[in-house]
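Asks: Handing you a structure now.
Residue numbers (this note's numbering): 7 to 372.
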């Protein structure tokens, strides 16, 4: 069995925490009345804009591309072409995404499942070609074009047109809608809203770019000791600093705001992996690594639990929680999941959903 890269498992757990906090900041896409909390709301809002929004979603995308490469590479080493099986794996992921979407409007699994076919198609491309395609995606050419011609809202207008043409409705009231009605909206209109959002927000470009970047990192054995983390950060951190400074100097240039999260990931992931791989950090990275092996289970369950607590058909906390309150509950839930994953993996090799995914993936394999 190929050896796991434990630092990557820990990074995945950190990325999951960032995604959870971003979801909490958005009240898990439940459009509820916000209970003001003064200064704390301002601090949490600043953290959201500075750290959580977009960035951890992109880290997750990068790790998806890296995991794809590792699975394919290990299969190829055994003389197995895993591409067909990986496509089946993506179809299963779409199934998990639809299940998850019934409870939570904001699922990323279905989006990953759809766009995940792109790395499969590009598997045999030379690394230089992947690097060029990755660079193009991360530089957001469509956003640059719209910024250059003075139409930064062009994609939003496109989205509004699609929504009106196909009569996509907004979500029912989270205070009064029954569970069945809310779930049905989530997997019909809600899924389309989510897919269209990924396109009109230009996130699709960054997502694909991160998939390819993960593949490139796998080919270069970045997380297996063949590339210096320090050297990698020495090249990438200054690029992010320049983009960040320009974004601060020219806040009206939408293109700079759109590309900044991608360049943050370029230096932050190597830094985080380096810190978590140190022997002195094992007290933290070891338990995080266990959660990182159960991210599918934790991602789905954390959103189901939080939405149930908030919505009227469940805990009924809609309209009663402040921003600090919902983020505090989400943080406690993360700690509970961290504990549960470490206990679970003492007896089992995989998380519950991970085990089902693996079992269904291997059906029919000799």
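Idealized CB from N, CA, C, for every residue including glycine.
In this text the structure is predicted, and so the values were computed from the model without any measurement.
Going by DSSP in three states, residue 13 sits in which element: helix, strand or coil?
Replies: Position 7 of the chain shown, counting from 1, holds the residue named residue 13. It is helical.
Asks: Would you call the stretch 213–220 and the stretch 110–125 in contact, with 3 or more CB pairs under 8 Å?
Replies: They touch, by the three-pair rule.
Asks: Taking its Cβ as the centre, do 16 or more other Cβ atoms sit within 10 Å of residue 254, making it buried, or is it exposed?
Replies: Residue mapping note: residue 254 aligns to position 248 of the chain shown, counting from 1. Its Cβ having fewer than 16 others within 10 Å, residue 254 is exposed.
Asks: So, is residue 369 buried or exposed, given that buried needs 16 or more other C-beta atoms within 10 angstroms?
Replies: For the purposes of this step, residue 369 is identified with residue 363 of the chain shown, where counting begins at 1. By the 10 Å Cβ count, residue 369 comes out exposed.
Asks: Quick one: measure Cβ to Cβ for residue 235 and residue 276, integer angstroms, because I've assumed they're closer than 8 Å.
Replies: Stepping through the chain shown from its first residue, residue 235 is reached at position 229. Stepping through the chain shown from its first residue, residue 276 is reached at position 270. Their Cβ separation, rounded to whole angstroms, is 5 Å, which keeps residue 235 and residue 276 in contact under 8 Å.
Asks: Between the alpha carbons of residue 7 and residue 158, how many angstroms are there, rounded?
Replies: Along the chain shown, one-based indexing puts residue 7 at 1. Along the chain shown, one-based indexing puts residue 158 at 152. At residue 7, the pLDDT of 41 sits below 50, so the modelled position is not reliable and the matter cannot be decided from this model.
Asks: Is residue 180 helix, strand or coil when you go by DSSP?
Replies: In the chain shown, counting from the first residue as 1, residue 180 sits at position 174. If DSSP states are grouped into helix, strand and coil, residue 180 belongs with coil.
Asks: Helix, strand or coil for residue 200 per DSSP?
Replies: Numbered from its first residue, the chain shown carries residue 200 at position 194. The answer is helix: DSSP assigns residue 200 an H, G or I state.
Asks: For residue 268, which beta-bridge partners are listed by DSSP?
Replies: As a position in the chain shown, residue 268 is number 262, starting the count at 1. Answer is none; residue 268 lacks a bridge partner.
Asks: Over the uninterrupted alpha helix (DSSP H) stretch that includes residue 61, give me the two end residues.
Replies: Taking the chain shown and counting its residues from 1, one reaches residue 61 at position 55. Its alpha helix (DSSP H) spans residues 61–83.
Asks: Classify residue 289 as buried or exposed, calling it buried when 16 or more other Cβ atoms lie within 10 Å of its own Cβ.
Replies: Along the chain shown, one-based indexing puts residue 289 at 283. Under this definition residue 289 is an exposed residue.
Asks: Pull up the distance between the alpha-carbon of residue 379 and that of residue 249, whole angstroms please.
Replies: Since the displayed the chain opens at 7 and closes at 372, residue 379 lies outside it and no answer follows.
Asks: Around the C-beta of residue 187, are 16 or more other C-beta atoms found within 10 angstroms, so that it is buried, or is it exposed?
Replies: Taking the chain shown and counting its residues from 1, the one referred to as residue 187 is at position 181. Exposed is the call here.
Asks: With a cut-off of 8 Å on the beta carbons, I'd call residue 16 and residue 328 a contact; round off their distance for me.
Replies: Locating residue 16 in the chain shown gives position 10, where the first residue counts as 1. Locating residue 328 in the chain shown gives position 322, where the first residue counts as 1. About 31 Å; that fails the 8 Å criterion.
Asks: Only counting the same chain, and skipping five residues up and downstream in sequence, which positions put a Cβ closer than 6 Å to that of residue 298?
Replies: In the chain shown, the residue the question calls residue 298 occupies position 292. So the qualifying residues of the chain are 15, 16, 18, 19.
Asks: Using the Cβ count rule (16 or more neighbours within 10 Å means buried), how would you classify residue 36?
Replies: Within the chain shown, residue 36 is the residue found at index 30, counting from 1. It is buried - the Cβ of residue 36 has at least 16 other Cβ atoms within 10 Å.
Asks: Using beta carbons (cut-off 8 Å, strictly below), is residue 191 in contact with chain B?
Replies: Chain labels in this structure do not include chain B; a single protein chain is all it has.
Asks: If you check the beta carbons only, do residue 346 and residue 27 fall under 8 Å apart?
Replies: As a first step, residue 346 is located in the chain shown; it is residue number 340 there, counting from the start. As a first step, residue 27 is located in the chain shown; it is residue number 21 there, counting from the start. The answer is no: Cβ separation not under 8 Å.
Asks: Just how far apart, CA to CA, sit residue 120 and residue 96?
Replies: Counting from one through the chain shown, the residue named residue 120 turns up at place 114. Counting from one through the chain shown, the residue named residue 96 turns up at place 90. Rounded to whole angstroms, residue 120 to residue 96 spans 7 Å at the Cα level.
Asks: Does residue 257 come out as helix, strand or coil in the three-state DSSP assignment?
Replies: Here the question's residue 257 lines up with position 251 in the chain shown. Looking at residue 257 - three-state DSSP - the assignment turns out to be coil, as it is neither helix nor strand.
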